[in-house]
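Here's the structure we're looking at; comments come further down.
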Amino acid sequence: MKFRGGILGFRSSGKTPVVEETAHSTGKDAEAGLETTATANLNSPDTPVSPDRGWTLDEKTQDPAERGSPSSEEDEPIKQLQYGVQLAEATLKVWTRKDLVTAYALIWLVNFVSVFTSGVAGTFTVYVTSDFSAHSLTATTTILSSLMAGLIKLPYAKFIDNFGRPQGFCLAVGSMTIGLAMMAACRNVETYCAAQVFYAMGYNCIDFTLVIFVVDTSQLKNRALMISYIATPWLITTWIYGPASEKMLETIGFRWGFGIWAIIFPIVCSPLAALFWINARKAEKAGLVQVPPHGRGFVDNLVFYGKEFDFIGLLTLATGLALFLLSFSLYAKQPDTWRSPLIICFLIFGGLLVIAFVLWEKYLAPVTFIPWTLLKNRTVIFTFTMMASLYCAWYIWDSYFYSMNIVVFNQSITNATYINNIYTVGSTFWAIVMGIIIRYNGRLKWQSVYFGVPITILGVSLMIHFRQPGTNIGYIVMCQIFVALGGGTLVMCEQLTVQAVSKHQNIPALLATEGLVASVGGAIGLSISSAMWQGIFPKNLAKYLPADAQANLTEIYGSIVVQSSYPLGSPTRDAINRSYGDTQKLMLIAATCLYSISWFSTFFWENVNVKNMPKLEGLLI
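The UniProt record's numbering numbers the first residue of the sequence shown as 1 and each following residue consecutively.
Now the structure itself:
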């Protein structure tokens, strides 16, 4: 639930997501079609287990008699697994302790630079749109990017399963770098929006790869702690990217602010990519992976991968969601608003295309993205409904929070960034605490039911009263802390619940679907937020602005810089602040209502115990 993009979830606010464990026994979910049979062993079923079988870091210190050995009847030929999955499991056999420690250190470094860049980019967004006199499109410019960030995880999960984690990681780094370069060179909002798509796809795929690496190399009981570890850069970057952003805006400007990271980021990622490639080649040379045959021609390959990546389904879903969701943010730009033929077509054809995608996936697609069997499980279903409502509610109230800190509460860029990221710091710190609790307690459900969602609702509902002009900023900070504690709880629990009911080879697809659900929920929230802002805020301005400022209404509405330029206490500034407060109040009420769905969903999770889950073979944490 990292709402601004990052390891802890989507933020992904944009601002920005696995039981790979081999199941060696039949679990409760067998009745839902989830019989937990063993994942393929790297050894032949007829071959005795090698004495140098890999063990977890804990098992290396145990007596051999305590470890046990895998039953031969549980083995499954590795040829049933895709090449990328084979490679991931085989790599566990060749990792050394030094390699694994180095990989986690490099992952921390990559994530540090990645989240720092994300923070700077998020801060620059309102100034980029204001530079083009389009501040009201702040939410609109992120709808497509957040939507594509979720959609891309579906084919990306297929890609890393078919071709390997190293190849996927390099592709994601390239996409993010292209996005940063385009942001640096953009001359209009349209180009910036396209740049955000490339950036968000790359950023979220990098995030996805790092999470999958943790999945591949950790026991489920330790996974929450390891995910929270690689998210700890947020504890540092939050305090430095605000001043850095302000300094860049004052000196080199946002263009070079983007450009320098387009140079630095791929350089920082190179050592980790090299380590992934080196160990993958080791596994291949050791004969632990069956290299797929290459007998198809170019045209046959196009047809094969077109089916494998379900190009028709992906295009149908992306087009449908884009048309449907963009109508909510673009209607105010049309002369007839909701009655505009363009908006009506967007709504109708967008909705029909989404329905067509579901029917295509269910009945016609040669290869499906959605793991339909897993979707029969109540834990998976209600985790998804919890996430969708949670992300939708978040983006409804958070989209213009930074702008309100600048304008209404008269905060500097640095202070506004700090306040905006209380959630980031608090949720990251609390996620570490939750990781330790889960490590020793093993339970996930009741932390969410009795603490995670209720304290989130408390924080957001209190802001209905406190997020108004004249309120002491300390009350806003208090509410953000409540939301952060809820987020740190939910992000750990929601990721592990779906992992606890799946086999290793299904995890990338399941997490990709989870990411899609979160992104669609977030995109819906952004669309609602944008529609409310464009429909309510200008009307409030027209209602409250003094007569001598009415001529500047359009200019005031379109730029955060113009809004904050009026002196505090002046009639115009008071009118602007009141317009913000009235609009934000309605957004917060809508979000609070949606959180009831999140809370309801957690009651239907299975009360799994991650301490009892079996492990993959190889060197694990």
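No residue lacks a Cβ here, since even glycine has one placed at the ideal position from N, Cα and C.
- The beta carbon of serine 601 is closer than 8 Å to those of Phe382, Thr383, Thr385, Met386 and Ser389 in its chain, skipping five residues each way along the sequence.
- Closest in C-alpha terms to leucine 220, from the list Tyr203, Ile160, Gln499 and Ala283, comes Gln499.
- Arginine 255 sits in a helix when the DSSP states are folded into three classes.
- DSSP, reduced to helix, strand and coil, places asparagine 279 within a helical segment of the structure shown.
- The DSSP assignment places complete alpha helix (DSSP H) segments of no fewer than 4 residues inside the region 294-356 at 298-308 and 311-330, in order along the chain.
- DSSP, read as helix, strand or coil, puts arginine 443 in strand.
- Beta bridge pairing from DSSP links asparagine 609 with Arg443.
- The Cβ neighbour count for proline 233, taken over all protein chains shown within 10 Å, is at least 16; the residue is labelled buried.
- Across the set Phe213, Arg223, Ile178 and Val211, the C-alpha of Ile178 shows the shortest separation from the C-alpha of methionine 201.
- Remark: fewer than three beta-carbon pairs, one from each stretch, lie closer than 8 Å, so the region 396-416 and the region 601-610 are not flagged as touching.
- A distance of 8 Å or more separates the beta carbons of valine 520 and glycine 119.
- Counting only unbroken stretches of 4 or more residues, the alpha helix (DSSP H) elements lying wholly within the region 349-418 are 378-398 and 401-407, in sequence order.
- At the C-beta level, tyrosine 391 and alanine 518 come within 8 Å of one another.
- Assignment of alpha helix (DSSP H) within the region 195-237, counting only whole runs of 4 or more residues, yields 220-230 in chain order.
- Here the alpha carbons of isoleucine 267 and alanine 181 stand approximately 15 Å from one another.
- Scanning its chain for C-beta atoms nearer than 6 Å, with the 5 sequence neighbours on each side dropped, one finds around glycine 350 the residues Gly320, Leu323 and Phe324, in chain order.
- As the crow flies, the alpha-carbon of isoleucine 560 is around 40 Å from that of alanine 273.
- Here phenylalanine 169 is near threonine 209, since their CB atoms are less than 8 Å apart.
- In the structure shown, lysine 585 adopts helical secondary structure according to DSSP, grouped into three states.
- Contact between lysine 93 and alanine 283 holds, with the beta-carbon distance rounding to 7 Å and staying under 8 Å.
- In this model, proline 571 and serine 403 are separated by some 19 Å (Cα to Cα).
- With fewer than three CB-CB distances shorter than 8 Å, the region 351-363 does not count as touching the region 551-559.
- Sixteen is the threshold: when 16 or more other Cβ atoms of the shown chains lie within 10 Å of the Cβ of asparagine 111, as they do, the residue is buried.
- The way I'd put it, the region 334-348 doesn't touch the region 478-495; fewer than three beta-carbon pairs between them come closer than 8 Å.
- Between glycine 525 and tyrosine 423, the C-beta spacing is not below 8 Å.
- The residues Ala157, Ile160, Asp161 and Ile212, in chain order, have a CB closer than 7 Å to that of proline 508 in the same chain once the five nearest residues on each side in sequence are set aside.
- Boundaries of the alpha helix (DSSP H) harbouring alanine 518: 507-544, taken from the DSSP string.
- One thing to note: phenylalanine 328 has its Cβ within 8 Å of the Cβ of serine 530.
- In the structure shown, the three-state DSSP call for leucine 81 is coil.
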